[in-house]
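*Asks:* Please find one structure pasted underneath; my questions will follow.
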Amino acid sequence: MHGRPRRPAKPEDAAAAATKAAKLRDLQAQVLRNHHARTYTKEALGLSFKLLEINPEAYTAWNYRKLAFQHNLREFSDPEPIKSAVDDELRVVEVALRQNPKSYGAWYHRKWLLNQRLALVDFKREFGLLDKLLKADARNFHGWNYRRFLARFMGVPDEEELKYTMDKISDNFSNYSAWHNRSILLSNLLVQQRNGFESKQKIFSEEFELVTQALFTDPSDQSGWFYHLWLLSQTSTPANPQLIASWPCNGAKLCLSSVREKVEQNTLSSMWCYSLKEMIVPIVLYFNEPVKGLNPSSVKLKSDLVFGMDIHWRPLSVTDSGYSNCWATHLEITNECSSLQQFSVEVSIPCSDDIVSRSGSRYNCPVHFTFLIELVNRGDTAEDINLFHDPISWDCSEPFQSHYIPFDQLKITSSLVQEDSKWHFERLSDEIDLFRELPDENSKFVKLTLARLLLACAAIKSRGRSLVERKAYCEEALGLFSDLVHLDPSHKHYYEDERSLVLMDKLTCDMETFMKHCSVQVQPNSAPLNHVRLCRLSFTRIGFAERLLWVQVLDLSHNSLRSVEGLEALQQLVCLNISNNRISSFTALESLTKIISLKVLDLSYNDIGAHSIDTTRYICSSPFSHKVEACESFEECQKKNINVEEYWEAILLFKYLKLAQLDIKGNAVASKENFRTLVMTLIPSLKWLDGECVH
Amino acid sequence: MGDEGDLAADKHVRYIVTVEKKKDSFESLVMEHIRLNGAYWGLTTLDLLHKLQAVDAAEVIDWIMSCYDPESGGFGGNVGHDPHVLYTLSAVQVLCLFDRLDVLDVDKVADYVAGLQNEDGSFSGDIWGEVDTRFSYIALCTLSLLHCLHKIDVQKAVDFIVSCKNLDGGFGAMPGGESHAGQIFCCVGALAITGSLHHIDRDLLGWWLCERQCRDGGLNGRPEKLADVCYSWWVLSSLIMIDRVHWIDKEKLTKFILNCQDIENGGISDRPDNAVDIYHTYFGVAGLSLMEYPGVKPMDPAYALPLDVVNRIFLRK
Chain A
1 MHGRPRRPAK PEDAAAAATK AAKLRDLQAQ VLRNHHARTY TKEALGLSFK LLEINPEAYT
61 AWNYRKLAFQ HNLREFSDPE PIKSAVDDEL RVVEVALRQN PKSYGAWYHR KWLLNQRLAL
121 VDFKREFGLL DKLLKADARN FHGWNYRRFL ARFMGVPDEE ELKYTMDKIS DNFSNYSAWH
181 NRSILLSNLL VQQRNGFESK QKIFSEEFEL VTQALFTDPS DQSGWFYHLW LLSQTSTPAN
241 PQLIASWPCN GAKLCLSSVR EKVEQNTLSS MWCYSLKEMI VPIVLYFNEP VKGLNPSSVK
301 LKSDLVFGMD IHWRPLSVTD SGYSNCWATH LEITNECSSL QQFSVEVSIP CSDDIVSRSG
361 SRYNCPVHFT FLIELVNRGD TAEDINLFHD PISWDCSEPF QSHYIPFDQL KITSSLVQED
421 SKWHFERLSD EIDLFRELPD ENSKFVKLTL ARLLLACAAI KSRGRSLVER KAYCEEALGL
481 FSDLVHLDPS HKHYYEDERS LVLMDKLTCD METFMKHCSV QVQPNSAPLN HVRLCRLSFT
541 RIGFAERLLW VQVLDLSHNS LRSVEGLEAL QQLVCLNISN NRISSFTALE SLTKIISLKV
601 LDLSYNDIGA HSIDTTRYIC SSPFSHKVEA CESFEECQKK NINVEEYWEA ILLFKYLKLA
661 QLDIKGNAVA SKENFRTLVM TLIPSLKWLD GECVH
Chain B
696 MGDEGDLAAD KHVRYIVTVE KKKDSFESLV MEHIRLNGAY WGLTTLDLLH KLQAVDAAEV
756 IDWIMSCYDP ESGGFGGNVG HDPHVLYTLS AVQVLCLFDR LDVLDVDKVA DYVAGLQNED
816 GSFSGDIWGE VDTRFSYIAL CTLSLLHCLH KIDVQKAVDF IVSCKNLDGG FGAMPGGESH
876 AGQIFCCVGA LAITGSLHHI DRDLLGWWLC ERQCRDGGLN GRPEKLADVC YSWWVLSSLI
936 MIDRVHWIDK EKLTKFILNC QDIENGGISD RPDNAVDIYH TYFGVAGLSL MEYPGVKPMD
996 PAYALPLDVV NRIFLRK
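And the structure:
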């Protein structure tokens, strides 16, 4: 099937080919006959050997041989004939492997034989066979799989197998299979803390030296670069999960009110927290990696406020596995208040056995923060704020008050973290120096690795300190990604995505720069909302959402966003503008269903409905991934004669978006007949659709 | 237009229909044991090119059922060959194309597949016990299409797949196995079908996968290997399922696939100017489908069937 040149059939070959084919056909038919008749004579076995020699892929013949083996074994009681029978089978495998060293059937037959444990395994023979095959093809993964099986079966210690990978790598650096096996063995040895493998720092320093040798010897070979990336991630990630942001943040002052006048009075000194009429305040906790286990005992809340429901922390990541970077709870405040009252809320997270990362490391960095909530009397003649009396426009008019939002990050004070970071930082700085020296300046891997090293250093340096330290690293990385777009245009969109993240980092890590994008949204008859504009910046993806947890109006229009993943963390978001981007399906917007405060959405001028292939079809929850019960979700729509097959994405999205205002014009899907009617049916709360009043 | 030209759809249709009849060449005989897979590759390609009606559905279905082993509930690769999940999936997929799952004893077939799940959540390919993540994908795909996922321990199945995740973000055939695009497709597909894609570091895997694109525009299966048209499916569908397909150059890949066509006789080969076969013809057309090539029906990247077939199975009452 692979690697045969295209040649027209020659007539003189036809006769020979026909004979060859006839022979094979007869042989296969004969073996199948013997198999069905359970004929296990020596002659019959011989035929199956002949067949497997020509065609090791004839899987039924391997099954037949196993049955014959089991059958004939019943007649033997002495170890000698048993061993002889086993050896016969092993020989058949060897012959088959000569014909096709990648035959699944052959390799499994051998494994199956050993697992029968009927005779002592000839260590030399097995490893000899492997050595021969891996010498002929160092990348034969069947061989490597069998080697791993054999090592475990024979109790060969990982340290010895590690030496073998070193031998292979020394023979030839270009051996991804050997590097891969090395990474597995090292990880195991470190986790088990075996003799000589107690210090992660020592081991990884040695590995960096080894891989750097490889990269300097042959920078065009890929294996080393992938191994280097693994080493980098091991050296730059903290061992334990950390809290990196929260909303509200320490010292924030929130004003909760549904009375217009009082709101205007108070917004100069505190942030108006848009809330549903139910007086709900979200608390968001953002970790550096996905964690699980947040509950009322692992996260302690202390306040004089009376909370209506039991505190329940839910993960905000779109699909549930229990792990998420971002967690939220919604405090339902049920206090009666006679006049203006201030309450403080203290959130503390002690060391916890509950809160763990995917790798099992526990949360061990106690933090706490306090914020204030101002409650304002509703009064008798209170006129509720109706934010949607007129459609909300995206123009804003007032400059931002910097004391509105404390930009402080939670400080990490554990000395353990500092020490670890120091070694990480030194190690990576050494790497950066080395790579800057690398002669082949035009290798994309050199530039990409350098960019990654710089960003890793930025992350380490800014841990527990001001984010501004990241700026210089970001700028250099941005330059490298621009170079990479030219150097490696096939992967342009990869570099653009990386660049987007770095740009987002750069813009939001420095308060002075960030302020230029912030303002206050003033609407008639309503309270002011803080407004962030990040338009026309060529963003292709969103990052660092943890720095935007306080944002109420977000304008990301006129970028190249394909996804809004990350925005689920913004639990204060009321209005979102993602018009004039590259959103190509409703399934790409599932994150938005997690934002219960979202009321205004501008999706106009995107690509929804223009593509037949949906790249977020399996990222979202749907009947295809068994996350949604089809009958439940669609029954109502089917009753109303809505074409579920055509509109299931829209149905699943709008079901959870209680929007007051939506813009969808300029998307291919919007020009479909009856689509507007569908939207109005799906969103009963909708007041404005594409600028027109809906009633 | 350039020298790569267009997709010679009619030629490929004719190639598929004629190769089906050539059962007696040496090349066909050597593949006799996977004829049922061949049926899936050929028929799905015909459907993608809007030509499924070029075959006699009743005849095909009869033949498919002749590969069925009523004792076990599984299908063999050809008449008289032992049952195995590899062929059971192809049988179910072909029946889906024709919307004829009704010819099956669904419970019996589902029980055959479900019975092959092991303690650790992995799946054996057949009664002989070979374990491979390919079989995990096959089992989950088959059971999902038959609406019988409840017959297995899905969480354990997912756990086993996750245990095959490597440090480069990819997946191997078993725990510790090297990352390979074919295995990655199986694991990503399995996680997609069970709503478990969050176990994947999509940026890490996405980068590993997009680096499969070689200078010639084709995709290889792992680092330092040659490009091959079949990876246009394994790599591409994986990238689509994790929403990172924009990280490769689709135009260059399209040109590579079109260059692998045999414009005169029909069919697509693994590499330009090599011998064509049904397997690569399917993967080439499937790859083009995933890139929205005009005239080719869109495919579902997880179930490896046309989108309308999958939608019909899961969205209709």
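Protein chains in written order, with the working numbering: chain A, 1 to 695; chain B, 696 to 1012. Even for Gly, the Cβ is constructed at its ideal location relative to N, Cα and C.
1. I'd like to know if ASN55(A) contacts chain B, where contact means its C-beta is closer than 8 angstroms to some C-beta of that chain.
2. Helix, strand or coil for GLN956(B)? Go by DSSP, reduced to three states.
3. Does any C-beta atom of chain B lie closer than 8 angstroms to the C-beta of GLY3(A)?
4. How far does the beta strand (DSSP E) with VAL95(A) in it extend, from its first residue to its last?
5. TYR618(A) to GLY890(B), Cα distance in whole Å?
6. Do the region 680-690 of chain A and the region 652-672 of chain A make contact, defined as three or more Cβ pairs closer than 8 angstroms?
7. Report buried or exposed for TYR832(B), applying the criterion of at least 16 other Cβ atoms within 10 angstroms of its Cβ.
8. With DSSP run on the structure shown, which of helix, strand or coil describes LEU254(A)?
9. Taking any Cβ of chain A, which residues in the region 910-921 of chain B have a Cβ under 7 angstroms from it, in chain order?
10. If you drop the 5 nearest sequence neighbours on each side, which residues of the same chain put their C-beta closer than 7 angstroms to that of ALA704(B)?
11. Give the C-beta separation of ASN181(A) and TYR363(A) to the nearest angstrom, bearing in mind that I take them to be a contact with Cβ-Cβ under 8 angstroms.
12. Can you give the Cα-Cα distance for ALA29(A) and GLY775(B), rounded to whole angstroms?
13. To the nearest angstrom, how far is the alpha carbon of ASP827(B) from that of LEU682(A)?
14. How big is the Cα-Cα spacing for GLU332(A) and ARG547(A)?
15. Examine chain B for any beta-carbon lying closer than 8 angstroms to the beta-carbon of PRO623(A), and answer yes or no.
16. Just to confirm, is the Cβ distance from LEU428(A) to ALA456(A) under 8 angstroms?
17. Drop a sphere of 10 angstroms on the beta-carbon of ASP742(B), count the other beta-carbons inside from all chains shown, and report buried for 16 or more, exposed for fewer.
18. Inspect the CB distances between the region 999-1011 of chain B and the region 781-798 of chain B and report whether three or more fall short of 8 angstroms.
19. By the 7 angstroms beta-carbon criterion, what residues does the region 713-727 of chain B contribute toward chain A?
20. Below 7 angstroms CB to CB, which residues in the same chain sit around ASN335(A) once its five sequence neighbours on both sides are set aside?
21. Which one or two residues does DSSP pair with HIS330(A) in a beta bridge?
22. Considering only the alpha carbon of each residue, which of ASP602(A), GLN638(A), ALA21(A) lies closest to ILE392(A)?
23. Classify LEU561(A) as buried or exposed, calling it buried when 16 or more other Cβ atoms lie within 10 Å of its own Cβ.
24. Following a CB-centred definition, is THR837(B) positioned closer than 7 angstroms to any heavy atom of the ligand ZN?
25. Relative to the C-alpha of HIS109(A), which candidate in TYR59(A), ASP218(A), SER625(A), LEU554(A) has its C-alpha closest?
26. Quick check on DSSP: helix, strand or coil for MET994(B)?
27. Using only the alpha-carbon positions, how far apart do LEU900(B) and ILE937(B) sit?
28. Closest by CA to ALA106(A), which one among PHE76(A), SER77(A), ASN63(A)?
29. Nearest to LYS20(A) by alpha carbon, out of GLU715(B), ALA752(B), SER761(B), ASP719(B)?
30. Are there three or more Cβ pairs, one per stretch, closer than 8 angstroms when the region 951-961 of chain B is compared with the region 706-726 of chain B?
31. With a threshold of 8 angstroms between beta-carbons, can SER891(B) be considered close to chain A, or not?
32. Using three-state DSSP, classify VAL712(B) as helix, strand or coil.
33. Name the chain B residues whose beta carbon is nearer than 7 angstroms to that of LYS66(A)?
34. Can you find a C-beta in chain B that's less than 8 angstroms from the C-beta of ILE708(A)?
35. If you measure beta-carbon to beta-carbon, which residues of the region 947-976 of chain B are closer than 8 angstroms to chain A?
36. Quick one, which of TRP736(B), GLU825(B), TRP823(B), LEU747(B) has its alpha-carbon nearest LEU784(B)'s?
*Replies:* Taking the structure as given:
1. yes
2. strand
3. yes
4. Looking at the DSSP string, VAL95(A) is not in any beta strand (DSSP E); the run it does join, the alpha helix (DSSP H), is 79-99.
5. 7 angstroms
6. Because the criterion of three Cβ pairs below 8 angstroms is met, the region 680-690 of chain A and the region 652-672 of chain A touch.
7. buried
8. strand
9. ARG917, PRO918, GLU919
10. Contacts found: LEU744, GLY990.
11. The pair is not a contact, with the Cβ atoms about 33 angstroms apart (cut-off 8 angstroms).
12. 9 angstroms
13. For ASP827(B) and LEU682(A), the distance between alpha carbons rounds to 44 angstroms.
14. 25 angstroms
15. By this cut-off, PRO623(A) is an interface position.
16. yes
17. buried
18. yes
19. ASP719, SER720, PHE721, LEU724, VAL725, GLU727
20. LEU305, VAL306, LEU375
21. PRO282(A)
22. Of the listed residues, the one whose Cα sits closest to ILE392(A) is ASP602(A).
23. Taking all protein chains in view, the Cβ of LEU561(A) is crowded by 16 or more other Cβ atoms within 10 Å, so the residue is classified as buried.
24. Although the ligand ZN was asked about, the structure shown includes no ligands whatsoever.
25. It is TYR59(A) whose Cα lies nearest to the Cα of HIS109(A).
26. Correct three-state label for MET994(B): strand.
27. LEU900(B) and ILE937(B) have their alpha carbons spaced roughly 9 angstroms apart.
28. ASN63(A)
29. ASP719(B)
30. The region 951-961 of chain B, when compared against the region 706-726 of chain B, does touch it at the 8 angstroms Cβ threshold.
31. Yes, SER891(B) counts as interfacial toward chain A.
32. helix
33. TRP823
34. An answer regarding residue 708(A) cannot be provided, because it is not within the stretch 1 to 695 covered by chain A.
35. LYS947, ASP957, SER964, ASP965, ARG966, ASP968, ASN969, ALA970, VAL971, ASP972, TYR974, HIS975
36. TRP736(B)
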